[in-house]
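S.K.:
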Amino acid sequence: GNSVTQMEGPVTLSEEAFLTINCTYTATGYPSLFWYVQYPGEGLQLLLKATKADDKGSNKGFEATYRKETTSFHLEKGSVQVSDSAVYFCALYGGSQGNLIFGKGTKLSVKP
Amino acid sequence: DAGVIQSPRHEVTEMGQEVTLRCKPISGHDYLFWYRQTMMRGLELLIYFNNNVPIDDSGMPEDRFSAKMPNASFSTLKIQPSEPRDSAVYFCASSFDSNQPQHFGDGTRLSIL
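Chains as they are written, first to last, in the numbering used here: chain A, 25 to 136; chain B, 100 to 212.
(1) In whole angstroms, give me the CA-to-CA distance for Ala-88/A and Asp-162/B.
(2) Quick one: list the residues of chain B neighbouring Lys-202/A, beta-carbon separation under 9 Å, in chain order.
(3) Kindly list, in the order they appear in chain B, the residues whose Cβ is closer than 7 Å to that of Lys-128/A.
(4) Is there a Cβ from chain B that is less than 7 Å from the Cβ of Glu-32/A?
(5) Just to make sure I have the definition right: I need the residues of chain B whose C-beta is within less than 7 Å of the C-beta of Gly-67/A. Which are they?
(6) Could you tell me how far apart the beta carbons of Ala-41/A and Val-104/A are, in whole angstroms, since I believe they sit closer than 8 Å?
(7) From the DSSP output, which residues share a beta bridge with Leu-145/B?
(8) Let me confirm a value: Asp-108/A is counted as buried when at least 16 other C-beta atoms fall within 10 Å, else exposed. Which label applies?
(9) What separation, rounded to the nearest whole angstrom, lies between the Cα atoms of Ser-194/B and His-202/B?
(10) Please report the straight-line C-alpha distance between Thr-94/A and Thr-44/A, rounded to a whole angstrom.
(11) Along chain A, in chain order, which residues have C-beta atoms closer than 8 Å to that of Asp-129/B?
(12) Tell me whether Arg-140/B is buried or exposed, calling it buried when 16 or more other Cβ atoms sit within 10 Å of its Cβ.
(13) Using 10 angstroms around the beta-carbon of Val-134/A, count the other beta-carbons present and answer buried if the total reaches 16, otherwise exposed.
(14) According to DSSP, simplified to helix, strand and coil, what is Ser-106/B?
(15) Nearest to Leu-70/A by CA position, among Thr-50/A, Ala-77/A and Ser-56/A, is which residue?
(16) Grouping DSSP H, G and I as helix and E and B as strand, with all else coil, what is Val-152/B?
(17) Where does the unbroken beta strand (DSSP E) through Asn-83/A begin, and where does it stop?
(18) Distance check for Tyr-189/B and Ser-181/B, CA to CA, integer angstroms please.
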């Protein structure tokens, strides 16, 4: 069945460091892919999405490219800020299953 | 725009009591999802509805859990009787269509003593 695997956390970075959070997926066909972010005490918010191969989703300085050949959707940001500290979830649309399938989440802590 | 609204935000109750969590989805969204989040198990989908009809409840852990959606603007998740292992944050989410982004509420933090 469809599944999402993302890197284990926590990830701790200094402000202005480069961020990569790896995400790979297993799916039939061409599922839509998403990154969600959860700030402390809040629900998940959509960060970015991509709906087909080679699409690049971007928002708030974050980017992720849909790579069909490597079945990956890695999240990147060139210079993180303290305010980016949160838990990040990779997800894919399950197609006929009609729901999103989430990874386990990666906690990011950015130190000043 | 009003987002997904959940109530209560926090609930503390004793084991054996009935707990009812409430959710108001975004108007016009046809899909509604209930999730549970814990440190140990992460984010788990419990059940989801399409046009008020339950589509997949395979994530509902036990018969103690039940969910209803009597109309397009309201859903409940009920636990009866509650147990300490039900302690978690419960999220409701809604979406316009199944492959569209889900919008999450702020969750209900449930503690069963």
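Even for Gly, the Cβ is constructed at its ideal location relative to N, Cα and C.
These numbers come from a predicted model, not from an experiment.
M.R.: Let's see:
(1) 40 Å
(2) No answer is possible for residue 202/A: it lies beyond the span of chain A, which begins at 25 and ends at 136.
(3) Gly-141
(4) no
(5) Phe-190, Phe-203, Gly-204, Asp-205 and Gly-206
(6) 6 Å
(7) DSSP, once it has assigned bridges, lists no residue as partnering Leu-145/B.
(8) buried
(9) 6 Å
(10) 16 Å
(11) Neighbours of Asp-129/B on chain A: none; closest Cβ ~11 Å, over 8 Å.
(12) exposed
(13) buried
(14) strand
(15) Ser-56/A
(16) strand
(17) 80-83
(18) 14 Å
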